[in-house]
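Q:
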Amino acid sequence: MNKPLVFEKPNGFHDILPGPLRRKGELEERILSLMEKWGYEKIET
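Residue numbers 3 to 47, in my numbering, belong to the letters of the sequence shown in order.
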């Protein structure tokens, strides 16, 4: 029988659980809304 593969996250990466992730999303939406009112547009790099 083969051993299951063990996955280790790379250094600097971590999980965000559902509750904190929901709050993070809400905060991001508030910030994006405010920035759009000031004329900024979202970019991604």
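Even for Gly, the Cβ is constructed at its ideal location relative to N, Cα and C.
How is the alpha helix (DSSP H) around Lys-26 delimited, first residue to last?
A: 20-39 is the span of the alpha helix (DSSP H), which, as asked, contains Lys-26.
Q: Would a C-beta distance cut-off of 8 Å place Ile-18 and Lys-26 closer than the cut-off?
A: Yes, they are a contact pair.
Q: Using the C-alpha atoms, what's the distance from Phe-15 back to Glu-43?
A: Rounded to whole angstroms, Glu-43 to Phe-15 spans 27 Å at the Cα level.
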